[in-house]
Amino acid sequence: MLTIPTTLPLLLLLIQVPAVAILLSRLLKGARRQAPVTPQQPTPDILSAVSIVVPTLNEAQRISPLLAGLKLQSYEVREVIVVDSNSQDGTPDMVKAVEKHDPRFRVITDDPLPPGWVGRPWALHNGFLQTSQGSEWFLGMDADTQPAPGLVAGLVKTAVAGGYDMVSLSPKFILKYPGESWLQPALLITLLYRFDPAGITTKQAQRVMANGQCFLCRRSVLEAVNGYTSAASSFCDDVTLARHIAASGYKVGFLDGAKVLKVRMYEGALETWKEWGRSLDLKDASSGGQTWGDVGLLAAVQGLPLVVTVVSGLFFPLFATSIPLQLLFGLNLFLLVIRFALLLAIAPSYDLTQAQGSWLFWLSPLADPLAVFRIFLSALRTPKQWRGRKYD
């Protein structure tokens, strides 16, 4: 006769075992991923090959490292177009100050946001329309990024060598406060568990991953897909556009950029929870079935292991008489071991030199249930406000 100590573990095993198989099939690909992108010196064949577009809205507190980094890029950069959405904090003035010493820079103001568009893709689309037709590549970058010297040359050369039509980079994250050192890695793992590692070419368009913080695309390809129109209403426009490009038959890559790109995204755990968490579900780039299938996978392999291991440990006296409970405990302990081991794998993607309580990074698996809950909440809701803009 089945009892609760037997039935419940069996049900959980039926859910978790297939999910673990999917997870392992993804993680094991990491052993053959492409090497990280490295800084390179430009060569004459990429002279004036790249137009850079940066969307901004009240970025005065964050944009200085980006401007400084872009000034250090060499002759492969034809132009840097900052598309400002009527900032009120002096952001355009900061760009104009750079423009006085580097004529590659210029700032424009995008047109009023039309119905059906989100601010970021609208700004990028307007910037794309203003780029020189003489440029071979379009590079979208975010205001919170910090590019290393040689980033653009290294990225273009990597794209050409790999035959990519579009490629984006995963960055090195700068963390400063204890709460974010604990929470942010757990949120990052939700991406790592759902998609192939950076440096692996994904064949299915609907499983393609991308990062708009550093998004390189052949200008001819972006022109062929009508710019950012396919991602007009998307709050994860980078992934939406990348998947559209991949579905159109072009080669898309997502590579490790930790050696050439840093980013300081949010100030503290609360802002990370609110701002990053609201788009990490990627529902605007996915079908409903895919979104909720991914949420279920995360619950099984990231949200449950800590809880199940602790709870099943409380029933230790029943282990001798319940083989399913033994198996369940062992499986979830195995998942926890994987999760802690992954900290070693993702550590190079973090700059903790300024972090208070940086040791909390190593305890971030304890935030996994919260991270999965955040993805669940995000999948339920459509953002109504973003970067100070409100949407119906």
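Numbering (our numbering), first residue to last: 53 to 444.
All C-beta atoms in this analysis are idealised placements derived from N, C-alpha and C, irrespective of residue type, glycine included.
Cβ separation of residue i and residue j, assumed to be a contact under 8 Å, to the nearest whole Å
i, j, result
"A195", "V106", "6 Å"
"F386", "V315", "At roughly 33 Å, the Cβ-Cβ gap does not stay under 8 Å, so F386 and V315 are not in contact."
"A101", "E188", "5 Å"
"E111", "S139", "7 Å"
"A283", "D289", "4 Å"
"H153", "T281", "About 35 Å separates the two Cβ atoms, so there is no contact after all."
"V89", "D346", "So it is not a contact: roughly 27 Å between Cβ atoms."
"S331", "N263", "Wrong, their Cβ atoms sit about 12 Å apart, outside the cutoff."
"L445", "L191", "There is simply no residue 445 to check, as the chain begins at 53 and stops at 444 in what is shown."
"P435", "F287", "5 Å"
"T197", "L118", "5 Å"
"G171", "V135", "About 10 Å; that fails the 8 Å criterion."
"L181", "L379", "L181 to L379, Cβ: 58 Å. No contact."
"M317", "C266", "Not confirmed; about 13 Å, so no contact."
Buried/exposed call for residue i, threshold 16 Cβ in 10 Å
i, result
"F392", "exposed"
"T108", "buried"
"I375", "exposed"
"R426", "buried"
"G355", "buried"
"R295", "buried"
"D145", "exposed"
"V389", "exposed"
"A397", "exposed"
"R84", "exposed"
"Q256", "exposed"
"S20", "The structure shown does not extend to residue 20, since the chain is modelled only from 53 to 444, so the question has no answer here."
"G341", "exposed"
"T59", "exposed"
"L429", "exposed"
"T373", "exposed"
"V362", "exposed"
"R271", "buried"
"P400", "exposed"
"T405", "exposed"
"D97", "exposed"
Any C-beta of chain B under 7 Å from that of residue i
i, result
"G264", "Absent here is chain B; the protein component of the structure consists of one chain."
Assigned secondary structure, residue i (DSSP; H/G/I helix, E/B strand, else coil)
i, result
"V135", "strand"
"T183", "coil"
"V212", "helix"
"Y318", "coil"
"L76", "helix"
"T434", "coil"
"Y127", "coil"
"T197", "strand"
"W344", "helix"
"I427", "helix"
"W169", "coil"
"D420", "helix"
"D308", "strand"
"V353", "helix"
"K152", "coil"
"K81", "helix"
"M146", "helix"
"F190", "strand"
"R158", "strand"
"F247", "coil"
"K224", "strand"
"R330", "coil"
"S100", "coil"
"R114", "coil"
"D289", "helix"
Candidates the options: closest to residue i by CA position
i, options, result
"T210", "F180, V304, A397 and L379", "V304"
"L415", "E323, R426, P230 and V360", "P230"
"Q113", "R85, V147 and L122", "V147"
"G409", "V359, A298 and L227", "L227"
"T292", "P357, A423, M261 and L377", "M261"
"L383", "V69, L60 and T59", "V69"
"K123", "F157, E111, Q140 and T58", "F157"
"L334", "L358, Q378 and S285", "S285"
"P201", "L366, V312, G264 and P155", "V312"
"A71", "Y302, L349 and P223", "L349"
"G279", "I241, L63 and W174", "W174"
"L99", "A423, G186 and L79", "G186"
"I133", "L322, I160 and Q342", "I160"
"K81", "L358, P249, T361 and P223", "P249"
"E37", "A310, T324 and M218", "The question about residue 37 has no answer here: the residues shown for the chain are numbered 53 through 444."
"V353", "L75, P199 and L62", "L75"
"V277", "Q265, L207 and Y302", "Y302"
"P61", "P357, A431 and D403", "P357"
Heavy atom of the ligand ZN within 6 Å of residue i beta-carbon
i, result
"S410", "With respect to small molecules bound, the structure shown includes none, and the ligand ZN cannot be examined in it."
Quick test of the definition: if touching needs 3 or more C-beta pairs under 8 Å, does the stretch 403-419 touch the stretch 232-242? yes
Between the stretch 240-248 and the stretch 164-177, do at least 3 Cβ pairs fall closer than 8 Å? no
Three-pair Cβ contact test at 8 Å for the stretch 214-223 versus the stretch 120-132: no
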